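Asks:
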Amino acid sequence: GVDSYEYHVCGEIYFWLGKRVFHQTDESAGNMRLIPVPEFAFHAGIAGETGATFLSIQHWHNGQPSSVRDVWESQ
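Residues in the sequence shown are numbered from -11 upward in steps of one, following my numbering.
1) Throw me the rounded Cβ distance for the glycine 39 and glycine -1 pair, which I believe falls under 8 Å.
2) Arginine 8 bridges to which residues according to DSSP?
3) Which residues in the same chain have their Cβ closer than 6 Å to the Cβ of histidine 49, if we skip the five residues on either side of it in sequence?
4) Per the DSSP calculation, histidine 47 is bridged to which residue(s)?
5) Do valine -3 and phenylalanine 42 have their beta-carbon atoms positioned less than 9 Å apart in this structure?
6) Taking the beta strand (DSSP E) that proline 26 belongs to, which residues open and close that run?
As structure tokens, then:
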């Protein structure tokens, strides 16, 4: 019930969207465009050794739940 847009802020991160892999570092932070993640699309991320930060902008289709955990637990 949610589409999201992911944005790399800092650190090293590997981000998967389907079969595509995005590798971003501090040097490329801020240069990465928003990655749209449609509802039900496989996606994952792994931070580098020193951690990473990304911003997730979410658009809920059926009203925003009290927490994302509530959505996962109801599946």
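Positions of the beta carbon are idealized from the N, C-alpha and C atoms, including for glycine.
Keep in mind that this is a model prediction, so the values were computed, not measured.
Replies: If we stick to the structure as given:
1) Within the sequence shown, numbered from 1, the residue matching residue 39 stands at position 51. Within the sequence shown, numbered from 1, the residue matching residue -1 stands at position 11. Confirmed, about 5 Å.
2) Translated into positions along the sequence shown, residue 8 becomes position 20. Paired residues: Leu5.
3) Counting from 1 along the sequence shown, the entry for residue 49 is found at position 61. The residues are Gly(-11).
4) Residue 47 sits at position 59 when you count from the first residue of the sequence shown. For histidine 47, which the question treats as bridged, DSSP gives the partners Asp(-9).
5) Against the sequence shown, residue 42 aligns to sequence position 54. Against the sequence shown, residue -3 aligns to sequence position 9. Yes, the Cβ-Cβ distance between phenylalanine 42 and valine -3 is below 9 Å.
6) Taking the first residue of the sequence shown as 1, we reach residue 26 at position 38. Premise fails: proline 26 is in no beta strand (DSSP E) and is neither H nor E.
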